[in-house]
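Start counting the sequence shown at 52; every next residue gets the next number (the working numbering).
The C-beta atom is built at its ideal place from N, Cα and C for all residues, glycine as well.
Here is the structure we will look at.
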Amino acid sequence: QVQLVESGGGLVQPGGSLRLSCAASRFTFSTFAMSWYRQAPGKERELVAAIAVGGSTNYADSVKGRFTISRDNAKNMVFLQMNSLKPEDTAVYYCNAHRNFMDYWGKGTLVTVSS
């Protein structure tokens with residue numbers, strides 16, 4: 052059974068930083084594009100950042116310059132470094148693995164940005 056397990060969420064003040072991690076198992080991690088999505092209360096799930104098999108990245112406009120996605124194929128992990136956090140970044144953050152018609156999701160980790 053494919054597993055994606057997110058960690059690193061929590062409560063942080065505006066302007067603070069968090070680093071999310073996603074541990075993947077039971078699939079060939081290095082051959083999948085990896086992404087972070089988020090879903091705020093009452094809103095649709097949205098793409099935050101993605102990293103391709105070759106390492107190229109793309110970001111939602113709302114997080115460009117503040118968030119950085121990275122992957123470690125040796126450890127089967129993907130990360131999201133989040134800096135200069137804003138209250139509007141509050142959401143459940145989900146890890147996603149995608150290849151062709153396959154999509155795997157983690158259960159999410161809650162990030163709350165509040166003073």
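With Thr82 as the anchor, note down where its beta strand (DSSP E) starts and where it stops.
Mapped onto the sequence shown, residue 82 falls at position 31. Thr82 -> no beta strand (DSSP E), and no H or E assigned at all.
Can the beta-carbon of Ser86 be found closer than 7 Å to that of Asn147?
Position 35 of the sequence shown, counted from the start, is the residue given in the question as residue 86. Position 96 of the sequence shown, counted from the start, is the residue given in the question as residue 147. For Ser86 and Asn147, yes; Cβs fall inside 7 Å.
Any idea if Asp123 is buried or exposed, counting beta-carbon neighbours within 10 angstroms, 16 or more meaning buried?
The residue given as residue 123 occupies position 72 in the sequence shown. Per the 10 Å Cβ criterion, exposed.
Going by other Cβ atoms of all chains shown within 10 Å of its Cβ, with 16 needed for buried, is Thr79 buried or exposed?
As a working mapping, residue 79 is identified with position 28 in the sequence shown. The residue in question, Thr79, is exposed, as its Cβ has fewer than 16 Cβ neighbours within 10 Å.
State the DSSP-derived secondary structure class of Asp123, mapped to helix, strand or coil.
The residue labelled residue 123 in the question sits at position 72 within the sequence shown. Of the three classes helix, strand and coil, the one that applies to Asp123 here is strand, per DSSP.
Roughly how many angstroms separate the alpha carbons of Asp140 and Glu97, rounded to a whole number?
If you number the sequence shown from 1, residue 140 lands on position 89. If you number the sequence shown from 1, residue 97 lands on position 46. Rounded to whole angstroms, Asp140 to Glu97 spans 11 Å at the Cα level.
Which residue or residues does DSSP assign as beta-bridge partners of Asp154?
In the sequence shown, counting from the first residue as 1, residue 154 sits at position 103. Its beta-bridge partners are His149.
Buried or exposed: which applies to Leu136, given that a residue is buried once 16 or more other Cβ atoms fall within 10 Å of its Cβ?
Counting from one through the sequence shown, the residue named residue 136 turns up at place 85. Buried, by the Cβ-count rule.
I'd like the span of the beta strand (DSSP E) that includes Gln62, first residue to last.
Taking the sequence shown and counting its residues from 1, the one referred to as residue 62 is at position 11. The displayed chain sequence assigns Leu, not Gln, to residue 62. Segment 61-63, the beta strand (DSSP E) holding Leu62.
Using the C-alpha atoms, what's the distance from Ala91 back to Ala103?
Residue numbering aside, residue 103 sits at position 52 when the sequence shown is read from its first letter. Residue numbering aside, residue 91 sits at position 40 when the sequence shown is read from its first letter. Distance between the alpha carbons of Ala103 and Ala91 is about 25 Å.
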